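Asker:
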Amino acid sequence: SDWSADSWSDYGSRDKPGTTLGRTVPDGNVLFPDIFHTDHLLFYERFRAYQDYILADCKASEVKQFIAEYLGKVLEPSGWQAIWRTDVFEVLVGVVGVNFSALKAVVQLSEPFLCESQDGSFTLECMQELLELKEHQILLQELWVVYDESGEFDQTALAIEHVRFFYRRIWRTWDEEEEDEFDYFVRCVEPRLRLHYDVLEHRVPSGLVVDYQSLLSQCEELYEKFLNVRNSISSNDSDSEAENVSMVEGLKLYDKVEHLKQKLKLIENPLLRYVFGYQKYGSLQAKGLRPTGAKVTHVVPWIMTASLLQLLARDKLCPESCEGLEIQFHCDPLAAVNACYEGDRVIICPGHYVVDGVFCIADSVELEGYGLPDDVVIEKQGKGDNFFDCTGANIKISNLKLVQHDAVEGILNVHHGKTTLENCVLQCETTGITVRTSAELLMKNSDLYGAKGAGVEIYPGSSCTLLHNGIHHCKEGILVKNFFDEDCEAPKITMVNNMIHNNEGYGVVLVRPVMASEMKDASAQGTKGIFLFLEETPKTSKSSIPRFLDCIIVFEIGNTQPTQAGDDTACAEGSRQEQPGCVTDELELYKRAETSEQTENNSEIANVLGATSAKKRQMHKKRLSELGFTEADDNLMSQEMFVSVEGNQFKWNGKGSFGTFLF
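Counting the sequence shown from 1 gives a position; my numbering is that position plus 811.
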């Protein structure tokens, strides 16, 4: 679309006769007049309105002033009707004036009197009395402008829609107390606006949306309590014990509010919301053993033939004795998994299966393809959060190719228990495999590629063993999350003989918070750092100054980029023309240098991960000491990250083999 000023404007067009906005019929039993349809605006329509016309580069404390100035330019001061909507009633009113500084309209009841309420108790006399109590002034955001074909009130309807959306979806009660040196649009409006549209377009996991709404409600509730405590202190000049108690309570509430605000900002940030994710998952319930105690083998044939049945009986169903074996046949893999109980087994015959749903595996079952992974393909169609969700105590998936499309979350999530993935191919869409806290993953002889996030995400308190796998063509290869402020233990990681190559970023990334001491050391020693700006303003902005959401520092620890082969290689390079017979020696030197580099990469990853874990353990012991536990049992309270990194190869990763993401 062409978003030039000539083709679109929030201010409408006075030159063209008639309205350019749609109309909608209000819900309910009362025959209200039609209203302007303005709640369908696109992201860039709202983005441009807030940035270019309404808020510009204002500070948080100037928001109301800037909105009032905007309304003064575009709003018709009188002569239009609107439906006044609250949670309990709707009534038709006429606007006779506007109090721009208070963002309120001066109204009177329209004739004939039209009103609809939940219990029918709002009569004409009641509404007149209510308006008198409000001095006939009501918030503009509570008004829905009545439709008019002339186009005279288009800009009025749009302006009120922008104000209503802002105070319902963008503004937070604590924003006004934010530091004023920051651009409010960049720091708050843009990320919240993006989050709103990402949710509408199903680009955010539903669980994360629920978490965000819950955090927002908690923060609003605690902030209101904090304000009440603060106001009670400020109104009392005495230095009594009760006031001291209130001050302590206020400080505690303030800390809680700040903690919740930081969590909200992480989810609002379009990059960090996927880096940190969310922990909750309680919807999967295990069935347990069958009432009869029997264990069933489920067979999913693409096309069942006599020869295939004979081969199955020989290789899988009755390799020794099939006495008492119960077999069930299913038309698709999802139906077979849904029919499983504890200890069941699913055998999927060669074929290309397209499923519209999520594999929720809550019992210890085995899911096995009969043949090579490329012969047994399960492809997901339709939008959805997940593809495979595993919470069973001991799940095994083998000899399958999983293909994911149009997803919100990763291809496989291990929430609880242990999941073994063997001899599989995973073609990803968003992130790859996520190993949540307290979960365990064993992945071996498998191939994973195509993730727009990390190929494997390892959460604190989890256990992840990667043996002889290929992880390639992802945004990042492996992302390890080890947060100092988490109560859970550090992840336990084993990586042996994996090939991690052709990823856009690093082969392995460690995510952790930056410490104040490290910032000082980095400044003193001149540590090499890269400032990554997460989101840049779209090109539709008139401003020539680039805007950014936030700044993250990524420190490159160690020699992560391919190194020079060394003096021996240089000698070989220099003597290439003089000694044609040394080509074999030169190749041997390159091979030796490459092997040495890979060994260094493995050692470096193990050392940095181990050092990070040790620092977390020290912080944990210090915290316990502050609480009075001075003799904590190292065996019980150890936060050491178990790391075994050997024989892995890192090739052609965009930023190198290993990096640390500090936030």
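Glycine included, C-beta positions come from ideal geometry on N, C-alpha and C. Just so we're clear, the structure is a prediction, and the values are computed from it rather than from any experiment.
So if DSSP puts A847 in a beta bridge, which residue, or which two residues, is it bridged to?
Answerer: Mapped onto the sequence shown, residue 847 falls at position 36. Residue identity check: residue 847 is Phe in the sequence provided, not Ala. DSSP lists R834 as partners of F847.
Asker: Using only the alpha-carbon positions, how far apart do I878 and R896 sit?
Answerer: Taking the first residue of the sequence shown as position 1, residue 878 is located at position 67. Taking the first residue of the sequence shown as position 1, residue 896 is located at position 85. Distance between the alpha carbons of I878 and R896: 21 Å.
Asker: Just the Cα atoms here: how many angstroms apart are L866 and S1414?
Answerer: Numbered from 1 along the sequence shown, position 55 holds the residue referred to as residue 866. Numbered from 1 along the sequence shown, position 603 holds the residue referred to as residue 1414. For L866 and S1414, the distance between alpha carbons rounds to 51 Å.
Asker: Just to confirm the assignment: which complete beta strand (DSSP E) runs, minimum length 3, are found wholly within the region 901 to 955?
Answerer: 915 to 920, 926 to 928 and 948 to 950
Asker: Based on DSSP bridge pairs, tell me the residues matched to D1200.
Answerer: Here residue 1200 refers to the residue found at position 389 when the sequence shown is read from its first residue. DSSP, once it has assigned bridges, lists C1171 and N1224 as partnering D1200.
Asker: Taking the alpha carbon of G956 as the reference point, which residue from L1278, V902, E1137 and M1115 has its own alpha carbon closest?
Answerer: Position 145 of the sequence shown, counting from 1, holds the residue named residue 956. According to the sequence displayed, residue 956 carries Val and not Gly. If we check each option's Cα against that of V956, V902 comes out closest.
Asker: At what residues does the alpha helix (DSSP H) containing N1205 begin and finish?
Answerer: Numbered from 1 along the sequence shown, position 394 holds the residue referred to as residue 1205. Note, N1205: premise wrong, no alpha helix (DSSP H); beta strand (DSSP E) at N1205 to S1209.
Asker: Between which residues of its own chain and L951 is the CB-CB distance below 6 Å, once the five residues before and five after are set aside?
Answerer: One-based indexing of the sequence shown puts residue 951 at position 140. Hits under 6 Å: L914, A916, I971 and V974.
Asker: Helix, strand or coil: how does DSSP classify Q1238 here?
Answerer: Here residue 1238 refers to the residue found at position 427 of the sequence shown. Correct three-state label for Q1238: strand.
Asker: Please identify the residue among K1292, W1463, G908 and T1410 whose C-alpha is closest to the C-alpha of L1473.
Answerer: For the purposes of this step, residue 1473 is taken as residue 662 along the sequence shown, with counting starting at 1. Minimum Cα distance to L1473 is reached at K1292.
Asker: For G1193, collect the residues of the same chain with a Cβ closer than 7 Å to its Cβ; drop the 5 residues on either side in sequence, then sort them by chain order.
Answerer: Along the sequence shown, read from residue 1 onward, the residue named residue 1193 stands at position 382. Same-chain partners within the cutoff: D1167.
Asker: Spatial neighbours of A893 within its chain, please: CB distance less than 7 Å, with the 5 preceding and 5 following residues excluded, ordered by chain position.
Answerer: Locating residue 893 in the sequence shown gives position 82, where the first residue counts as 1. Contacts found: V904, V906, L954, W955, V956 and V957.
Asker: Using three-state DSSP, classify L1277 as helix, strand or coil.
Answerer: One-based indexing of the sequence shown puts residue 1277 at position 466. In the structure shown, L1277 sits in a strand (DSSP, three-state: E or B).
Asker: In chain order, what residues of the same chain lie with their CB nearer than 8 Å to the CB of F1199, ignoring the 5 residues before and after it?
Answerer: The residue given as residue 1199 occupies position 388 in the sequence shown. For F1199, where only same-chain residues beyond five positions count, the Cβ hits under 8 Å are V1169, F1170, I1172, I1208, L1213, I1222, L1223 and N1224.
Asker: Using alpha carbons as the reference points, say which of V1068, V885, K1098 and D1155 lies closest to E1177.
Answerer: As a first step, residue 1177 is located in the sequence shown; it is residue number 366 there, counting from the start. It is D1155.
Asker: Can you say whether M1254 is buried or exposed, counting buried as having 16 or more other CB atoms within 10 angstroms of its CB?
Answerer: For the purposes of this step, residue 1254 is taken as the residue at position 443 of the sequence shown. So M1254 counts as buried.
Asker: Taking the continuous alpha helix (DSSP H) assigned at L1011, which residues delimit it?
Answerer: Counting from 1 along the sequence shown, the entry for residue 1011 is found at position 200. That run of the alpha helix (DSSP H) goes E1001 to L1011.
Asker: Assuming G1243 contacts A1265 under a Cβ cut-off of 8 Å, what Cβ separation, rounded to an integer in Å, is found between them?
Answerer: Counting from 1 along the sequence shown, the entry for residue 1243 is found at position 432. Counting from 1 along the sequence shown, the entry for residue 1265 is found at position 454. G1243 to A1265, Cβ: 7 Å. Contact.
Asker: What three-state label does DSSP hand L1183 in the structure shown?
Answerer: Here residue 1183 corresponds to residue number 372 of the sequence shown, with the count starting at 1. Looking at L1183 - three-state DSSP - the assignment turns out to be coil, as it is neither helix nor strand.
Asker: What would DSSP say about H1312, mapped onto helix, strand or coil?
Answerer: Locating residue 1312 in the sequence shown gives position 501, where the first residue counts as 1. Here H1312 sits in strand by DSSP.
Asker: Contact defined as beta carbons within less than 8 Å: I believe V1157 pairs with V1111. What is the distance between those atoms, to the nearest angstrom?
Answerer: The residue you call residue 1157 lines up with position 346 of the sequence shown. The residue you call residue 1111 lines up with position 300 of the sequence shown. 7 Å between Cβ atoms; contact.
Asker: Can you tell me whether G1467 is helix, strand or coil according to DSSP?
Answerer: Taking the first residue of the sequence shown as position 1, residue 1467 is located at position 656. G1467: strand per DSSP, three-state reduction.
Asker: Suppose you measure from the CA of T1351 to the CA of E1220; what does that come to, to the nearest Å?
Answerer: Taking the first residue of the sequence shown as position 1, residue 1351 is located at position 540. Taking the first residue of the sequence shown as position 1, residue 1220 is located at position 409. Note that T1351 has pLDDT 38, beneath the 50 cutoff, so the model's placement of it is unreliable and the number below is only indicative. In a straight line, the C-alpha of T1351 is about 30 Å away from that of E1220.
Asker: Let me check understanding here. Comparing Cα to Cα, which of S889, W891, S1455 and D986 lies closest to K870?
Answerer: Along the sequence shown, one-based indexing puts residue 870 at 59. Per the Cα distances, D986.
Asker: Shorter than 7 Å, the distance from the beta carbon of H1283 to the closest heavy atom of the ligand SAM, or not?
Answerer: This structure simply doesn't include the ligand SAM, nor any ligand for that matter.
Asker: Count the other CB atoms within 10 Å of the CB of I1311; is the residue buried (16 or more) or exposed (fewer)?
Answerer: As a first step, residue 1311 is located in the sequence shown; it is residue number 500 there, counting from the start. Buried: at least 16 other Cβ atoms inside 10 Å.
Asker: Taking the beta strand (DSSP E) that V1157 belongs to, which residues open and close that run?
Answerer: Taking the sequence shown and counting its residues from 1, one reaches residue 1157 at position 346. V1157 -> beta strand (DSSP E) spans R1156 to I1159.
Asker: Pull up the distance between the alpha-carbon of T1230 and that of Y861, whole angstroms please.
Answerer: Counting from 1 along the sequence shown, the entry for residue 1230 is found at position 419. Counting from 1 along the sequence shown, the entry for residue 861 is found at position 50. Using only the alpha carbons, I get a separation of about 48 Å.
Asker: Do L832 and A968 have their C-beta atoms within less than 8 Å of each other?
Answerer: Here residue 832 refers to the residue found at position 21 when the sequence shown is read from its first residue. Here residue 968 refers to the residue found at position 157 when the sequence shown is read from its first residue. Cβ atoms of L832 and A968: closer than 8 Å.
Asker: Quick check: the Cα distance between D817 and R857, rounded to an integer number of angstroms?
Answerer: Numbered from its first residue, the sequence shown carries residue 817 at position 6. Numbered from its first residue, the sequence shown carries residue 857 at position 46. Low local confidence applies: a pLDDT of 36 at D817 is under 50, so the model's placement there is unreliable, with the coordinate-based value given in what follows. Whole-angstrom Cα-Cα distance: 17 Å.
Asker: Using CA atoms only, rank isn't needed, just tell me which of C1151, Q966, N1313 and Y1023 is closest to Y864.
Answerer: Your numbering for residue 864 matches position 53 in the sequence shown. For Y864, the nearest C-alpha among the options comes from Q966.
Asker: List the DSSP bridge partners of M1306.
Answerer: Stepping through the sequence shown from its first residue, residue 1306 is reached at position 495. According to DSSP, which records beta bridges pairwise, M1306 is partnered with L1277 and V1456.
Asker: By the three-class DSSP mapping on this structure, what secondary structure does G1288 have?
Answerer: Your numbering for residue 1288 matches position 477 in the sequence shown. The answer is strand: DSSP assigns G1288 an E or B state.
Asker: Output yes or no for whether 8 Å exceeds the beta carbon distance between C1275 and V1246.
Answerer: By 1-based counting over the sequence shown, the position of residue 1275 is 464. By 1-based counting over the sequence shown, the position of residue 1246 is 435. The answer is yes: Cβ separation under 8 Å.
Asker: Would you identify the three-state DSSP class for Y958, choosing helix, strand or coil?
Answerer: Translated into the one-based positions of the sequence shown, residue 958 becomes position 147. Looking at Y958 - three-state DSSP - the assignment turns out to be coil, as it is neither helix nor strand.
Asker: With DSSP run on the structure shown, which of helix, strand or coil describes E1268?
Answerer: To locate residue 1268, count along the sequence shown from 1; it is residue 457. In this structure, E1268 counts as strand in the three-state DSSP scheme.
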